[in-house]
Each structure stands twice: as C-alpha cells, then as structure tokens.
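Scroll down for the structure; my scribbles are underneath it.
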Amino acid sequence: MYRKNLAAFCLFITCTPAFAGQIEDATFHSAALNAPLPVNIYRPDGAPPENGWPVLYLLHGHDGDQNSWRDLGNIEKTLDTLIAAGAIRPLVVVMPSVKNSWYVDSAAVGGPGDYETALTGDLRDQIEKTLPVRKDRQGRAIAGLSMGGFGALHLAYGHEDLYGAVASLSGAIWQNVPASDLDKTPAELKLIQDSAFFHRVDRTTVTSGIVLPSTGDHFSGAF
C-alpha cells in the first residue's frame, strides 16, 4: 500500500510543472545617495501579464542587507511554492540594501544617507524602467521585518500615492520625537515612549516630529 502511494506521489510530482522563479543581483545608481544601491530582485517564471507584474518592495531589518530575505528568509522557495499553489499571483520582489538607515532621509543630520528618497524615487524609477512591472499604485506593495517593518509603514504613510498595500512584520515602532523634545534626556524620552506605546497616537502627532537615524543596535538608539 505504501509503495503504491509513493509511486503515485512520485508520478504526480514528475507530471506537475515546477514553478521556479529566480533571484538576481543588481546594483542601481542612486542620485539621492550619490552611491550605488545594491538590490536582490526575485523574478517569477513565465511571461509577464500585459500590464506587467505587480511589485513588492521587501525591506530587511537592522544589520541586514539585500541578501537577508534570500539567505535567512528562504524567500525564493517560499514564493515559488505560493505561486505554484495559486495562493498568490506571480510578482516581482525587490529587496534593497539600506544599511542601518531606518529608511529615512538622514544625510542632513549625519546619518547613513537619504534612503527614503533613494527607495521611493531612484530605485522605483529604475525598477519600472528596466523590468516589466506595473506602474500604478495598486500594482505596488511594500513590506518589511523589524526595522524594515518600521520602514514599510513610514514609506507607505509618507507616500500614500505610491503603495496600494503595506505589511509590517514585527515592526520596530517607536513614538516619534517632536522637535521641542529633542533636548530631553534619554530617561525622559523613555517615559514619553512608554506612555505612548499602548495608546493610539493621532496622525498630527505622528507626522509632526523628526525621525532620527539609528545610532545603536536597538531602536531606542534612535533617540
């Protein structure tokens, strides 16, 4: 009985067409950074639809890079499996390397660079020029893990015209710091953070502060 079942299963997998996308290394020049921007790009198997593939910008966490989702997240096999099963449609996934920038523009304050502008402008333009992807809001999504989860929300809410969907996976979210509070001690800022964390923060409060780049190995270092 087991041999018959095994034989039937082997026949099934050999007769079922395999879906195999591929991950490509690429580097684009970013005017905002005045430097190369390394990315990994997952391209699905087969021909794109007439209006192009949808595209997901997938962001890494602190101390990660463009290889994190490939090497640690097993993203290629995961996408192949989901697409082959019909759970998701074929899509392009773009995984940029942004150092520990927290996905904000920080050159003016001595941070790693203007990565928000680099991703929402330079990288997006290059992807849409070189790949058969959709160029409308509903054809773009953004997601990320940890620091990337913060980045996904920050970029999606700050550029509502660009992304039709956003997902934050264990996002490193902190209370934004108003300019008037920048002279407070770390202990005082911690009290602000703790008191606000479990409360709904209105949009005015969230958008009126200054987002600082990380200076430590955890998000409290951003203060």
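Residues -20 to -1, 1 to 203, numbered by mature numbering (1 follows the signal peptide of the UniProt record, and there is no 0), are exactly what the sequence shown covers, in order. Idealized CB from N, CA, C, for every residue including glycine.
Neighbourhood of residue i by C-beta distance below 8 Å, restricted to the same chain and skipping five residues each side
{"i": "Ala(-1)", "result": "Asp25, Asp60"}
{"i": "Ser126", "result": "Gly41, His42, Leu149, Ser150, Gly151, Ala152"}
{"i": "Val72", "result": "Ile21, Tyr22, Arg23, Pro24, Trp33, Pro34, Val35, Leu36, Ile107, Leu111, Val113"}
{"i": "Glu56", "result": "Gly1, Gln2, Ile3, Tyr22, Arg50"}
{"i": "Ala121", "result": "Pro34, Val35, Leu36, Tyr37, Tyr143, Gly144, Ala145, Val146, Ala147"}
C-alpha gap between residue i and residue j, whole angstroms
{"i": "residue 270", "j": "Gln118", "result": "Outside the shown range of the chain, which is -20 to 203, sits residue 270, and nothing can be said about it."}
{"i": "Glu168", "j": "Thr97", "result": "31 Å"}
{"i": "Ala123", "j": "Leu17", "result": "18 Å"}
{"i": "Leu99", "j": "Thr165", "result": "32 Å"}
{"i": "Gly138", "j": "Ala27", "result": "33 Å"}
{"i": "Pro29", "j": "Asn14", "result": "34 Å"}
{"i": "Asn54", "j": "Ser48", "result": "9 Å"}
{"i": "Leu52", "j": "Glu140", "result": "30 Å"}
{"i": "Thr58", "j": "Gly66", "result": "12 Å"}
{"i": "Leu62", "j": "Ile68", "result": "6 Å"}
Buried versus exposed call for residue i [16 or more other C-beta atoms within 10 Å across all chains shown]
{"i": "Ser150", "result": "exposed"}
{"i": "Gln46", "result": "buried"}
{"i": "Val78", "result": "buried"}
{"i": "Ala11", "result": "exposed"}
{"i": "Val19", "result": "buried"}
{"i": "Ala136", "result": "buried"}
{"i": "Pro76", "result": "buried"}
{"i": "Gly44", "result": "buried"}
{"i": "Pro70", "result": "buried"}
Beta-carbon contacts of residue i that lie in its chain and below 7 Å, excluding the five residues immediately before and after
{"i": "Pro92", "result": "Lys79, Asn80, Ser81, Ser86, Pro193"}
{"i": "Gln2", "result": "Arg23"}
{"i": "Asp163", "result": "none"}
Supposed close pair residue i, residue j - CB separation, criterion 8 Å
{"i": "Arg114", "j": "Gly32", "result": "4 Å"}
{"i": "His134", "j": "Tyr83", "result": "6 Å"}
{"i": "Phe8", "j": "Asp116", "result": "With a Cβ gap of about 21 Å, Phe8 and Asp116 do not count as contacting."}
CB contact below 8 Å: residue i versus chain D
{"i": "Ser148", "result": "Of the chains in the structure shown, none is chain D; there is only one protein chain."}
Cβ neighbours of residue i in the same chain (closer than 6 Å, five flanking residues each side left out)
{"i": "Ile21", "result": "Glu4, Ala6, Val74"}
{"i": "Leu39", "result": "Gly124, Gly128, Gly131, Ala132"}
{"i": "Ala64", "result": "Phe(-2)"}
Every unbroken beta strand (DSSP E) inside the stretch 4 to 36 [3 residues or more]: 15 to 23
Ordered list of alpha helix (DSSP H) runs contained in the stretch 40 to 91, each at least 4 residues: 48 to 51, 55 to 64
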